[in-house]
Amino acid sequence: MSRRALPTLIALILAGLWGAGLGFAHWRGHLWFLDRVEATMTDLRTLVRGTAKPPELITIVAIDDEAVRHEGTYPLSRATLARLVDTIAGLGPKAIALDLLLVDPGAKDNDEALARSLSGGRSVIAAAAVYPGGEQWTVAEGEGPLARVPNAERFLWPLKAFSDAAAVGVVNVVTDKTGTPRFVPLLFRAGPQLEASFSLRVATMAAGEDPEIAPDHLSLGGRPIRTDIGHILPLTFYGPRGTIRTISAATVLEGQLDPGTIRDRIVVIGATATGTGDVFPTPFDPILPGVEVMSTAIAHLMSGDGTVRDQYVRLADAGFAVVLPMILVGLLAWRRNASGLAAIAGVVLIWFVVNMTAFSHHIWLSAALPMAAAVPPAILFGAAQLWLGRSRAQFFATQSQLLQRVEASGMGEWLAKHGDFLSDPVRGDAAILFIDLSGFTGLSETLGPVATRELLNNFHALVDEEVARCGGVVTSFMGDGAMILFGLPEPATNDAFNAARCCVGLSSRTNDWLASLPASTASRLGFKIGAHHGTIVASRLGSEGRQHIAAIGDTVNVASRLMEIAADQNADVAVSDKMLDVAGRDCALFKSGTLKGPVETQIRGRSGSLAIWFWQSARTAKIRP
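Below, the structure is given as structure tokens:
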């Protein structure tokens with residue numbers, strides 16, 4: 009396994025484990041800290057989906073401002089409520105539901121009248137659950153299908169006369185931190201006492217049969233109602249207030265209503281008058297009346313058009329929580345460029361489309377959970393990649409600097425751009441220079457290692473600077489000498505010209521450097537330079553683990569031998585006639601110092617002679633007459 013693959017595999021496993029942990033907690037219903045994010049995302053999805061047409065089976069009779077003006081008081085008297093119920097009951101509704109808490113006694117005659125009206129038809133009235141501290145808890149207590157049902161401290165019941173005359177249902181809803189109703193519990197507990205919700209009681213009354221309770225759903229009229237943890241029903245609002253058919257109670261009391269809005273429908277009576285306080289914010293409306301919230305839940309139960317969020321949907325959420333972070337981490341590891349970012353954006357877009365499509369089809373996939381599962385691993389892995397990338401960049405920068413030190417000036421950068429440079433031998437013309445310090449070996453025996461190293465460092469730096477200035481390459485330092493090549497990394501027409509300029513520059517700078525040394529050292533040192541031009545073969549030599557650039561051929565051997573001839577002739581530079589011919593009459597060797605030749609000279613180890621020129625600087629000519 010590669011060095012890069014192992015960290016990536018570890019990151020993928022950790023991302024998957026992180027997502028699996030969050031997914032399991034979500035499946036168990038313990039990720040309450042994501043509720044605010046999920047609520048915001050749900051509101052956005054609801055608005056994107058837009059309004060929906062509610063089923064034509066519910067009519068709201070609103071005790072609105074007009075009804076209050078009609079009666080002159082609020083709350084309406086029990087006698088007025090009795091007349092309202094009697095009028096509605098006479099038009100043949102499936103059920104009558106009073107979303108009103110009838111907990112306080114009124115005038116005896118009026119209470120008796122309302123009780124008689126309620127007992128005359130299929131009616132449901134409201135009760136409320138009271139929780140310690142005002143918070144509705146759904147902490148599991150024990151095992152079984154009812155373990156997560158909201159457990160209240162007690163129930164606030166209507167007067168006995170009313171509860172004896174009508175069915176009673178609990179009206180509490182589950183809201184988020186902003187007060188928006190998200191769920192309607194269908195069942196409530198208070199110790200051993202189990203009660204149905206107001207909406208479930210109304211739906212049961214309209215269906216004419218009791219529901220069947222299963223661990224993860226309820227059945228009503230043979231149709232399953234898929235519920236979330238604790239038998240709570242997700243709410244999906246149809247639109248702003250008034251979306252569900254609403255008529256004023258004043259219209260009913262005045263006998264001006266259309267009987268068709270009542271017959272065979274569920275009629276929900278509730279307060280919508282200004283200042284009643286029974287309002288909730290929703291994505292469509294900041295003040296949706298509570299009676300419309302209850303009617304929405306009843307419509308979901310009767311028509312089955314509510315949003316589904318049950319254990320299977322939560323299991324799908326958990327799957328997304330595992331897969332999405334692993335995909336994003338994998339893509340970050342695959343490519344850290346525009347194509348990688350585009351792939352990540354594509355995956356996120358696909359997930360968003362799947363999530364939105366499911367929501368539009370009444371399946372509530374979590375938006376907050378995959379985000380919480382994917383974002384931290386992606387950020388951490390991306391940050392780690394950036395840090396490693398910076399470390400790697402720093403490493404390669406350091407290596408590049410080291411390469412520049414080891415290789416000739418400019419060669420490191422060239423090799424970085426052309427990795428296959430000289431992987432195959434290259435034949436071409438080049439100018440070759442050799443420079444060597446004479447007398448250095450004997451001097452080093454008396455100087456000691458530290459002084460010898462300092463002396464060599466200064467000489468190498470001098471050679472490096474001058475060669476770089478003239479456009480050449482130091483292919484190697486050999487102790488107190490150096491091999492210099494003009495023609496790498498690419499040959500040029502002025503290589504010989506530049507090499508001649510380098511000969512003069514090296515001579516001048518070496519003389520200046522020797523003059524700066526202590527007399528005891530300078531008197532024992534000298535230098536010689538050999539220069540030749542011709543065909544060479546440049547290539548990489550060495551094993552796979554360690555290679556160096558080398559130039560070989562007769563041209564190299566001749567240039568090396570010319571140093572000996574320069575020393576024998578007391579010259580600074582011995583240069584071949586061919587080198588001067590290629591460099592031209594305008595080169596530095598013709599324009600400075602003293603140039604003598606050509607002299608036919610025998611080269612050691614080579615048959616035949618070679619025309620050689622000898623050059624001396626003006627300073628050397630004064631010292632060596």
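Residue 39 in this note's numbering sits at position 31 of the sequence shown; the count goes up by one each step and never skips. All residues carry an ideal CB built from backbone N, CA and C; glycine is no exception.
field: Selected residue, minimal CA-CA separation from D325, among Q624, G27, A582
entry: G27
field: Assigned secondary structure, R627 (DSSP; H/G/I helix, E/B strand, else coil)
entry: helix
message: Taking the alpha-carbon of V157 as reference, which of H225, S127, A211 has the nearest alpha-carbon?
response: H225
field: Bounding residues of the beta strand (DSSP E) (the contiguous stretch that carries P606)
entry: Element bounds for P606: 602-610.
task: Per DSSP, which residues does Q201 bridge with? Please list them.
output: Bridge partners of Q201: A198.
- request: List the DSSP bridge partners of S584.
  value: I620
- request: Could you check the C-alpha separation between A211 and V330 for me, to the nearest Å?
  value: 39 Å
query: If you draw a straight line from the C-alpha of K185 to the C-alpha of I295, how long is it?
result: 16 Å
task: Could you give the DSSP three-state label for G337: helix, strand or coil?
output: Note that residue 337 is Val in the sequence shown, not Gly. Residue state, collapsed to three classes: helix.
- prompt: For K536, does the count of other Cβ atoms within 10 angstroms reach 16, so buried, or fall short, so exposed?
  reply: Flag for K536 reads buried.
message: If I follow the unbroken alpha helix (DSSP H) through A596, where does it start and stop?
response: Looking at the DSSP string, the run of the alpha helix (DSSP H) that includes A596 is 596-599.
query: Ordered along the chain, which non-local residues of its own chain (more than five positions away) have a Cβ less than 8 Å from that of V316?
result: R234, P242, H370, I371, W372
Length-filtered (3 minimum) beta strand (DSSP E) runs lying within the stretch 483-565: 489-494, 534-550, 555-560
Alpha carbon of D585 to alpha carbon of G605, nearest angstrom: C-alpha separation (whole angstroms): 9 Å.
message: Is the beta carbon of V192 closer than 8 Å to that of A240?
response: Per the sequence shown, the amino acid found at residue 240 is Ile instead of Ala. Closer than 8 Å, so yes.
query: Does DSSP put P113 in a helix, a strand or coil?
result: Reduced to three states, the DSSP call for P113 is coil.
query: Rounded to whole angstroms, how far is the Cβ of R231 from the Cβ of H34, which I believe are closer than 8 Å?
result: With a Cβ gap of about 27 Å, R231 and H34 do not count as contacting.
task: May I ask you to report which of helix, strand or coil DSSP gives L20?
output: helix
- prompt: From what residue to what residue does the beta strand (DSSP E) around G436 run?
  reply: 434-446
task: Identify whether F389 lies in helix, strand or coil by the three-state DSSP scheme.
output: Three-state DSSP puts F389 in a helix.
task: Check whether the Cβ atoms of A619 and V583 lie closer than 8 Å to each other.
output: no
query: For D43, which of helix, strand or coil comes out of DSSP?
result: helix
task: Select from I440, L261, I68 the residue whose C-alpha is nearest the C-alpha of I252.
output: Checked all of I440, L261, I68; the closest Cα to I252 is I68.
Reference A60; option with closest CA among T280, L514, H78, D313: D313
field: Length of the line joining the Cα atoms of E699 and A75
entry: Because the chain in this structure spans residues 9 to 633, residue 699 falls outside the shown range and cannot be described.
- prompt: Whose CA, out of A215, T259, F367, lies closest to the CA of D73?
  reply: For D73, the nearest C-alpha among the options comes from T259.
query: Quick one: is P378 buried, meaning 16 or more other Cβ sit within 10 Å of its Cβ, or exposed?
result: buried
- prompt: By a C-beta neighbour count over all protein chains shown, 10 Å radius and 16 as the cutoff for buried, is E203 buried or exposed?
  reply: buried
Neighbourhood of M49 by C-beta, 7 Å cutoff - its chain only, sequence neighbours within 5 removed: A375, A376
message: Taking the straight line between their C-alpha atoms, what separation do you get for V132 and M213?
response: 8 Å
message: Taking the beta strand (DSSP E) that F245 belongs to, which residues open and close that run?
response: No beta strand (DSSP E) holds F245; DSSP gives it neither H nor E.
field: When F360, G250, F245, V179 are compared against T304, the one with the closest alpha-carbon
entry: Per the Cα distances, F245.
- prompt: When burial is assigned at 16 or more other CB atoms within 10 Å of the CB, is K102 buried or exposed?
  reply: buried
- request: May I ask you to verify whether the stretch 169-182 touches the stretch 123-131, counting CB pairs closer than 8 Å and requiring at least 3?
  value: The stretch 169-182 is in contact with the stretch 123-131.
message: Whole angstroms are fine: how far does the CA of P289 sit from the CA of G98?
response: 35 Å
- prompt: Just reading off the beta strand (DSSP E) that H369 is part of, what are its end residues?
  reply: Segment: none, H369 is in no beta strand (DSSP E) and carries neither H nor E.
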